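Engineer: Taking the numbering used here, the leading residue of the sequence shown gets 3, the next gets one more, and so forth. The beta-carbon is built from N, C-alpha and C at its ideal position, and this holds for glycine as well. Source: prediction; values computed, not measured.
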Amino acid sequence: MLVVEGGGPDALVLLPGFMNAASLYSSLARLVAASGTSVVVAQLYRRGVGALAGRVPVSAEACAAADLVRATAAQRPRARIHLAGHSRGGQAAWLAAGLLADEGLPASLVLIDPVDGEGRRPSAPVSTAAAAAFASPCIVVGAGIGGRCAPEGVNHEQFARATPSARHVVVDGLGHADMLDERPRAVGRRLCSGGPDPDSARDALAAVIAEWIRAISDGSGPSGMAVVAGTRVVR
């Protein structure tokens, strides 16, 4: 688990993409924490052959995520707890928000280029085949550079369709793996496609997350969220 303290009244629990280590989100976590929001990046299953073989379903990750949000809220009783997820972690976060719907958690949901479906090559929506089962404010942040890791039909556009009340923003120039650190980012850029300036795109992503949390926390809501440079609002 990676924890970066921000010093403010908000905390963001972030679920990594499939088989991604929490440490790969260090730079993104530091950028978000600079705005005052503490970031907790949690690896909720053992990365290995079992996960690759499909023995860790997204439903199990969602249950573990809901428990982590509850635990984080108990550990930080004065904090507003937001839940985020990248790639398959976004699908798990979306499901976890449904499990928490009757508990007043999370304060909001942040989906970072989420991917639906199941298996190593998802091709059809599974979780988002039904509409969202939660009322928490939600933002769907899509990567402007598409690719095979987040194919049409199961990518951010599908999550936006299944969550009609969500804010939908696209970060132009962001690839599916561009927010990561270290060698896995380079590998991810080869596999998934990437933008021309991944560091700037990651900065824009962090700014979107920070601006979203500010708008939710100060009561202005999604409509009070300012447009971040390098992004476009779909709705």
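(1) Where F90 and L30 are concerned, what is the direct C-alpha to C-alpha distance, given to the nearest angstrom?
(2) Kindly indicate the opening and closing residues of the beta strand (DSSP E) around H170.
(3) If you draw a straight line from the alpha carbon of P124 to that of P186, how long is it in whole angstroms?
(4) Within the segment 185-236, note down every full beta strand (DSSP E) run reaching 3 residues or more, in order along the chain.
(5) Quick check on the burial criterion: 16 or more other C-beta atoms within 10 angstroms. Buried or exposed for R80?
(6) Between A134, D118 and S225, which has its C-alpha nearest E154's C-alpha?
(7) Could you give the DSSP three-state label for H178: helix, strand or coil?
(8) Going by DSSP, what residues sit across from C140 in a beta bridge?
(9) Give me the Cβ distance between V71 and P108, rounded to the nearest whole Å; I'm assuming they're in contact under 8 Å.
(10) Within the chosen definition, does the segment 199-206 reach the segment 13-28 through at least 3 CB pairs nearer than 8 Å?
(11) Determine the contact status of V2 and V173, defining contact as a CB-CB distance below 8 Å.
(12) Pick helix, strand or coil for A86, following the three-state DSSP scheme.
(13) Give a yes or no on whether the C-beta atoms belonging to A132 and A103 are separated by under 8 Å.
(14) Looking at the structure shown, is V42 part of a helix, part of a strand, or coil, going by DSSP?
(15) Examine the Cβ distances between the segment 208-215 and the segment 226-234 and report whether three or more of them are shorter than 8 Å.
(16) For the beta strand (DSSP E) holding D69, just list the boundary residues, first then last.
(17) So, for G19: in the same chain, excluding its five sequence neighbours on each side, which residues have a beta-carbon less than 7 Å away from its beta-carbon?
(18) In whole angstroms, what is the alpha-carbon distance linking R191 and C151?
(19) What residue range is occupied by the uninterrupted alpha helix (DSSP H) comprising A134?
(20) My output table needs one value for V15: the three-state DSSP class, helix, strand or coil.
(21) Quick check: what's the CA-CA separation for R57 versus G50?
Structural biologist: Reading from the atomic positions:
(1) Here the sequence assigns Arg to residue 90, which means Phe is not the residue at that position. R90 and L30: Cα-Cα distance of roughly 17 Å.
(2) Start and end: R169 to V173.
(3) P124 and P186 have their C-alpha atoms roughly 21 Å apart.
(4) DSSP runs (the beta strand (DSSP E)) wholly in the segment 185-236: 233-235.
(5) So R80 ends up on the exposed side.
(6) The shortest Cα separation from E154 among A134, D118 and S225 belongs to D118.
(7) Note: H178 maps to coil in three-state DSSP.
(8) When DSSP reads this structure, C140 sits in a beta bridge with L111.
(9) V71 to P108, Cβ: 6 Å. Contact.
(10) Contact fails: fewer than three Cβ-Cβ distances are below 8 Å.
(11) Within the shown structure, residues of the chain are numbered from 3 to 237, placing residue 2 beyond reach of any answer.
(12) The answer is strand: DSSP assigns A86 an E or B state.
(13) For the 8 Å CB-CB criterion, A132 and A103 do not form a contact.
(14) Three-state DSSP puts V42 in a strand.
(15) Taking a contact to require three or more Cβ pairs closer than 8 Å, the segment 208-215 and the segment 226-234 qualify as touching.
(16) Following the DSSP letters along the chain, one finds D69 in no beta strand (DSSP E) but inside the alpha helix (DSSP H) bounded by residues V60 to Q77.
(17) Only H88, S89, R90 and G91 meet the Cβ criterion.
(18) For R191 and C151, the gap between their C-alpha atoms comes out near 10 Å.
(19) Per DSSP, A134 belongs to no alpha helix (DSSP H) and is neither H nor E.
(20) The answer is strand: DSSP assigns V15 an E or B state.
(21) Near 10 Å, if we compare the C-alpha coordinates of G50 and R57.
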